[in-house]
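Chains as they are written, first to last, in this note's numbering: chain Y, -18 to 72; chain A, 629 to 1601; chain X, 3 to 202; chain E, 40 to 455.
From the three backbone atoms N, C-alpha and C, an ideal C-beta is built for every residue, glycine too.
Report on the following structure.
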Amino acid sequence: MIRIDCPWCGVRDEVEFTYRGDATVVRPGEGASEEAFHDFVYKRANPRGWHVEWWYHGAGCRQFLKVVRHTMTHEVRAVARATEMPEVPAE
Amino acid sequence: MTQPFRTRAGGQIDRTVTLSFRFDGKVYAGHPGDTLASALLANGVRLVGRSFKLHRPRGIYAAGAEEPNALAELRTGARREPNTRMTQIELYAGLEAASQNRWPSLRWDLLSLNGLIAPVLSSGFYYKTFMWPASFWEKVYEPLIRRSSGLGRAAGLADPDRYDTVNAHCDVLVIGAGVAGLAAALVAGATGARVMLCEQDFLLGAGLVGQDDGWREATLAALAAMANVTLLPRTNVFGAYDANVVGAVERVADHLPEPPPHTPRQRYWTIRAGTIVHATGAHERFIAFPDNDRPGVMLAGAAATYVARYGVKPGNRALLFANNDAAYLSLFTLHDAGVVMAGIVDPRAESPAQAAARARGITVWSASQVIGTSGALALTGARIARVGSAGTDTLVAADLLLVSGGINPAVQLASQSRTPLDWSEPLATWVPGVPVLAQFSAGAANGVSGLREAAADGARSGAAASGGDAAIALPEDVPADATVLPLWEVKGRGKAFVDIQDDVTANDIRLAAREGYKHIEHAKRYTTHTMGTDQGKSGGLVGAAVLAEARGETVQNVGMPTFRPFTSPVTWGAIAGANIGKHFAPTRLSPLHDWHVKRAAVFMDAGQWLRPAYYPAPVDSDGWDSVLREARAARRGVAVCDVSTLGKIDVQGRDAARFLDRLYTNTFSNLAIGRARYGLMLREDGIVFDDGTTSRLAQDHFFVTTTTANAGPVMQHMEFYLQTVWPELDVTLASVTDQWAAMSIAGPKSRATISKIVDGLDLSNEAFPFMAVADATVRGCAVRVFRISFSGEMAYEIATPAGHAETVWRAVLEAGEEFGIEPYGVEALGLLRIEKGHVTGAELNGQTTAADVGLEKMFKKRGDFVGRVLAQRPGLTDAARPRLVGLRPVTRGEQMRAGMHLVETGSSHSLGWITAVTRAVELDGWIGLAMLENGASRIGSRMQAASPLHGALVDVEIVSPHFVDPENARVRV
Amino acid sequence: MSVSNHSGSNHSGSDLLAPGAHGAVGGEPVRIALRSCDVVQVLARKGRAGDVAAALLGALGLVLPGPGHAADGRGASALWVQPEGWFVVAPRGADGALASAIKAACGDAASVIDQSHGRAVVSISGTRAAWVLAKSCRVDLHPSAFGPGRVASTQLFHLAATLHQTDAVPSFDLIVFSTFLRSFLESLTHAAEETGYVVA
Amino acid sequence: MRYSGLRLFAEALRGNTGWKPAWRDPPPKRSYDVIIIGGGGHGLATAYYLAKEHGITNVAVLEKGPIGLGNTGRNTTIVRSNYMLPQNHFFYEKALSLWEGLEQDLNYNAMVSQRGVINLFHAEGTRNAAVRRGNAMRLDGIDADLLDKEQVRALCPLIDVDNGRFPVLGGLMQRRGGTARHDAVAWGFARAADQRGVDIIQHCEVTGIDVEGGRVTGVQTTRGPIKANKIGLAVAGNTSRLAQMAGIDVPIESHVLQAFVSEGVKPLVDQVITFGAGHFYISQSDKGGLVFGGGLDGWNTYAQRGNLPVVDHVWSAGIAMMPSLSRLRGLRQWGGVMDMSFDGSPIIGKTPIDGLYMTAGWCYGGFKATPGSGWCHAWTIANDAPHKLNEAYRLDRFRTGHLLDERGNGPYPWMQ
């Protein structure tokens, strides 16, 4: 069971959240190319290791959180608010 | 009801109470505290089952979860439960159990003839035959295989018992209430930590019975007195998951004939632990030797358990075959209980225990091994020989052969928690290494033997786990040396089983290796080794050792198959808990639901909602009559529909308009206050996501509606973009779906109807034109009136706080009575929208673009919005993509169906499909909407609608999807 | 055309809360009741949380609580539900009056959304109330982790719910979406059959 | 060595001592015509069809561990071709037709059991979608039948068609669908490929892909460098990592899908059944265990293990659909790592690197595709061009917008 330490609500089970994928991709601004939008929507590093990802605490504070989680151990190392950039361990 | 094998005294059973039970129809007696296995042994029952493949006779082999043979169908009727381990079934009065996998009876089992052709039934034999003729597999071979495999029979009836789930949290979870677990819990409890102690057995500290009963009782009393300690007997921790969360199942009422009222049969615990102490004990492993499966062959520790804990002698004359001193203690327990000693066979030259045995007058054959057994349905003796000698064997008479090849710490849960395993040379087995998570292993689970040593290890772990410490008393020192001389297999004539349940022999493993299935996982899968319900607890390592020898490698090099959940099989119903039947998923009801019920509406599922499909009336001969009557009222007079299920989102803030402009393909910043506008929303990949109307209530206040199905997803979509992409915007979002009931009043008489009841608002066309929005009251209730239309008729939507829904609804019905008002349901709603050519989820199914459904004009000229860029990809702008069209059968009466495909006459090549059909009220017969390749250019042509599933082929005419009022004049009058 | 065979059932679930004792007897039952409350959602506009706090202190004597907490004011409580967002809960009054009062106090500093009809408040009380809730509640309600004045928005019986512990008995107010009320009560009363429950 | 009943008897008479290894265990050569990375079902099938259909036998299959222990060894064994989009159903129909003759072709009994696959539906919208899908199949010559509620009840009496929450309206059945013995598929392809000269090299992990001037020249492995001008990736679950070795980012995320097996019981469920309202599917193995599963855990992972929330949901759905399973016991739980593509459909074809091909993005549907994937992948490698059957599975479709989103879930791999 992944448990996420929500900065607002405290430690909660994964079922309270909805996953929304890679949080490192940034939506291109107005006038950006099709290529840029393609990368935003489809291009993923899909790392085996630390992954910064969106989790939406829908059952709790309704906030999108940036979670740093390892894709082999499932360890959650850091949880940040949407506008913050959490530190990502090197390995 | 005699129990000839019951000892005179001792054990944790209540001899003052005698329980009667039945096995295979025969009545026996036992006592509270017995298991079915101990009670059967007390009654002298030796033959309890047949093996999986060869149907060999099998007896009770173990005393716990590692039991491979003694599986029964427990209880009868809807409560029948197959494959239940007799060693874990707690005896209760009137228990009924039956042996399984045999026909016609346990003693005379026809399929025991399989033994005659056993060489053909070698590992993987089925991969090499049954291939000809190909059609025989499903018809002949597979049914035969299926019938002969499986074990017990499922009840096939709905389970009458209830189950429950519960969530728990603790600082320290101790798994296992053996001596180490009790010590760990006691220390952790004394530090004040929140402690949970789970034990799969119904007796806590069962291993201490007859060893140090005083310490056991004192410790249990101390634990029971601690408010911060939760003791959970009968609770098996079945799996360890990420973040120190474990799953456990408590057998709340399995020891009773049936659960008391309102009490669950079993309870599923999800436990979130700060730290975990694995005090899960160890499983004794056997030694593979020819015919090591006869009823009467038993694990040494199990035999001692039957004597000490249950007061049962598992046989009259016992022979021990062991390679370690600790196993001698088991035999001595039998000796002390008066079981006749046939002797000890030990591959080792000498040991302290051998001397102790001789001092007791027990014969010890050192440097010897068991090379075979005799007997048919029960053991009569064992053939023994000196290690390395050929041909000179001795037959020793015995009805009980105790086996011990050493112990395997129960590392399953630790291993599931990613703790690496280390090889222990003295124990010749895997022990836990350094844990990755905040966990500890203690006692036998940690490879520690001896009562006091195990307790001390437990106490240390308890202290470490709780981050504190407390001094506790330790039990008596009962030293046990579990060091072994590794001995895995004695080769000889006859089958040496390495998996007793699945009939896997050492030769099967060797054959697998010879055929290239050398990896432990390949060998396991090819032979089915360790894939039985006991999961190889006693024989897994033995088979790995045989494989290692075949590969010419060490056991530790060969490794073990991954330990996956579950540690022991888990009742399906327990995990489901109460989340079944109507509790499987929540149901959502409109505020007008009670009115619909009173009106005898026929309901349908719409996602989580129950919605009225239609309202039958006495004049209707079928559902279609009702639907047509309702829709006709909307077209010709007035009708009212409950649309409370639409998603509603309150959007406020200085930047609310700018925000909506970026989310919708069209513009909202230029929408006037008091006006509504239809909006279209895309996903970022350019596909249509949702649609709905948005009203501007104030400069900084919008009221957004979504489709019923997408209410949640649209809200989340908005929150995602607001919080992560444009967090600088001043916008607040709130779902108000539940706050507002809504009803749509449609038809030429709609204005006349609601004018009678709406107060404080001029509803004339001039004052309140199409797409106007305003607040008013109805019968004193606050309402918000929208002039919007989904039906294509002049229509209004009235929203009101949910508690007033029925007041307002009734007012509408009363006001419309003179115009023949009808309530209309989802079916008529669908009819009206199809006639109008409006799209819904059937067309906006996550695969269509705006242009596909004729909404390309909804794209604003300038500015960014979600989905704009990727919607321009060639694959999404291809002119040949299927487009929305209308359909009518050439022969008007013919029925079309949703899901039909459109083909050129005579062709079977699909060019499109029908998304929705209905009988029409404005036209004759059926009409439909379809997505059709090059649809626009085909309007006016004829095609065929085909449903091979229904054997239907209908000539259809392709028409505009707007059957009714394509100029959209009616909504504006 | 096809329809399900669902039978109709009461929307409010009031039939599920028939007065009297239900479920197991002999133990300590929990008490379950529907509370009649107004619920107003207050969302501070960007940068205006301070203004909202001042407004609510003045209007209702509420000291707006931080995450995970509730605070009582004059005849109303404020429950933290999201960043710079609260529920103000009070005994049911005149329709819309609480929302209007808050709106008047906050002006353009907050979005004030009346949810009085969109939320239902169910109370459960008794020494075993936390045990009944733990059948679906994944939040730790142990006194060492929770307590009077604490609030958690979480999931109960597959539904989003805001849970407010009101005293040490313990008693809890459970705020749920009103269209799910019946479903919620069906599950809650089913869960409470084991301890037994009393409806006043 | 040919397998047959006769051979089985002959070997039994001499103590089963004459059986030979099912495949050789050769050391890697310095170079091959084609290297297939990944010794799962898809890679082994690719090698087999390269040899059989195209006469290319100087082929190595490189597998970092033992063969067949990725998703081939951990799936729920279902085979079917009941897709809606024509690009999908023609491809899967090819796969199913290969399944139908597989035992005889490979001389290995993979126990392909055409017992029927039933997809239940519970609401008008899903019924209409099932009708659309079934008709699409029928028009293209693929078998499909529409069942009403009573036909469902008659075929599988365990299903609670009057279900308390989601009553069953009916089902779409593909009678030719069914199951196959998953491990045997890998073993059978391995043995048959080996017999045609393919080198199956286990415990040989690829650590780098050599690219010179935009085309592949070979691979670096834990057993040394190996040259080849054509390389096929068949490493679903790990495609992103392998493709990155050649400098390509693919539109794939790795997710875990869990599955379960119960204790063995006498025959109980005779078809493969899916419960549309609850993300649940079930069949019974020939050994007697009920094999079942549901949806993804729903977050990126490379670990072959899942967590309790999905267990809870899947098991509840099972009892909601078949209440009488309640007293049976689950025996084992496992997880496989899925290549989740961004439209739910696979990728088979060329890549931006010359000589590099891939079969990937199988989501949780790769097992049923095994022979078809191998067949098309082999064709694509042999001809340096996609076959008509896999033309739509191009890697560049995400750029061009020619998506194959069978279920309309959008570019959210965790929701596919």
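Which listed residue (the options) has its alpha carbon closest to that of residue i
i, options, result
"arginine 634 of chain A", "A:Arg650, A:Ala821, A:Ala667, A:Thr1022", "A:Ala667"
"proline 196 of chain E", "E:Met361, E:Leu370, E:Met377", "E:Met361"
"proline 885 of chain A", "A:Leu1325, A:Pro1376, A:Arg703, A:Met1528", "A:Arg703"
"threonine 1295 of chain A", "A:Arg1282, A:Gly1302, A:Met1309", "A:Met1309"
"glycine 1491 of chain A", "A:Gly722, A:Trp731, A:Gly1314, A:Tyr1292", "A:Tyr1292"
"phenylalanine 1287 of chain A", "A:Ala1228, A:Thr1352, A:Ala1234, A:Gly1448", "A:Thr1352"
"valine 857 of chain A", "A:Ala1178, A:Val800, A:Ala876", "A:Val800"
"alanine 298 of chain E", "E:Gln372, E:Gln190, E:Leu443", "E:Gln372"
"serine 222 of chain E", "E:Ile386, E:Phe205, E:Lys407, E:Leu395", "The question names serine, but residue 222 of chain E is aspartate in the sequence shown. If we check each option's Cα against that of aspartate 222 of chain E, E:Lys407 comes out closest."
"isoleucine 1462 of chain A", "A:Leu1512, A:Glu1434, A:Pro1451", "A:Leu1512"
"glutamate 1347 of chain A", "A:Thr1360, A:Ala1337, A:Tyr769, A:Leu959", "A:Thr1360"
"leucine 101 of chain E", "E:Gln259, E:Arg154, E:Arg366, E:Ala431", "E:Gln259"
"alanine 1178 of chain A", "A:Gln997, A:Tyr1145, A:Arg1311", "A:Tyr1145"
"alanine 231 of chain E", "E:Arg436, E:Gln455, E:Tyr42", "E:Tyr42"
"glutamine 84 of chain X", "Y:Phe21, Y:Asn27, Y:Val49, Y:Cys(-10)", "Y:Cys(-10)"
"glycine 155 of chain E", "E:Thr313, E:Thr398, E:His352", "E:Thr313"
"valine 376 of chain E", "E:Arg177, E:Arg280, E:Ile239", "E:Arg280"
"glutamine 213 of chain E", "E:Ile117, E:Val250, E:Trp226, E:Ser412", "E:Ile117"
In DSSP terms, what residue i is bridged to
i, result
"glutamate 292 of chain E", "E:Met379"
"glutamate 1081 of chain A", "In the DSSP output, where bridge partners are listed per residue, glutamate 1081 of chain A has none listed."
"arginine 254 of chain E", "E:Glu251, E:Asp393"
"methionine 926 of chain A", "A:Leu1030"
"leucine 1023 of chain A", "A:Arg1011"
"methionine 212 of chain E", "E:Ile157, E:Asp184"
"lysine 476 of chain E", "Beyond the ends of chain E as shown, which are 40 and 455, falls residue 476 of chain E; an answer cannot be given."
DSSP three-state assignment for residue i, whether helix, strand or coil
i, result
"cysteine 42 of chain Y", "coil"
"glutamine 43 of chain X", "strand"
"glutamate 121 of chain E", "The question names glutamate, but residue 121 of chain E is asparagine in the sequence shown. In this structure, asparagine 121 of chain E counts as coil in the three-state DSSP scheme."
"lysine 84 of chain Y", "Lying outside -18 to 72, the shown extent of chain Y, residue 84 of chain Y is not represented and no answer is given."
"histidine 24 of chain X", "strand"
"aspartate 169 of chain X", "strand"
Do the segment 1188 to 1208 of chain A and the segment 726 to 744 of chain A touch if we need at least three Cβ pairs shorter than 8 Å?
Below 8 Å, too few C-beta pairs join the segment 1188 to 1208 of chain A and the segment 726 to 744 of chain A to call them touching: fewer than three.
With contact counted as at least three CB pairs below 8 Å, one residue from each stretch, are the segment 122 to 142 of chain X and the segment 150 to 158 of chain X in contact?
Between the segment 122 to 142 of chain X and the segment 150 to 158 of chain X there are three or more C-beta pairs closer than 8 Å, enough to call the two in contact.
Per the contact definition of three or more C-beta pairs closer than 8 Å, is the segment 41 to 49 of chain X in contact with the segment 116 to 125 of chain X?
Between the segment 116 to 125 of chain X and the segment 41 to 49 of chain X, the count of C-beta pairs closer than 8 Å reaches three or more; the two stretches touch.
Inter-stretch contact (C-beta, 8 Å, three-pair minimum) for the segment 262 to 278 of chain E and the segment 57 to 77 of chain E:
Counting Cβ pairs under 8 Å, three or more are found: they touch.
Taking 8 Å as the cut-off, does the segment 1238 to 1258 of chain A touch the segment 1455 to 1470 of chain A (at least 3 CB pairs, one atom from each stretch)?
As far as the Cβ criterion goes, the segment 1455 to 1470 of chain A touches the segment 1238 to 1258 of chain A, which means the pair count is three or higher.
In chain order, what are the residue ranges of uninterrupted beta strand (DSSP E) at least 3 long that sit wholly in the segment 877 to 961 of chain A?
DSSP runs (the beta strand (DSSP E)) wholly in the segment 877 to 961 of chain A: 894 to 906, 910 to 912, 925 to 927, 945 to 950.
Contact the segment 1118 to 1125 of chain A vs the segment 911 to 920 of chain A: 3+ CB pairs below 8 Å:
Taking a cut-off of 8 Å for Cβ pairs, the segment 1118 to 1125 of chain A and the segment 911 to 920 of chain A touch, as three or more such pairs fall below it.
At least three beta-carbon pairs within less than 8 Å, the segment 237 to 257 of chain E to the segment 155 to 175 of chain E
The segment 237 to 257 of chain E, when compared against the segment 155 to 175 of chain E, does not touch it at the 8 Å Cβ threshold.
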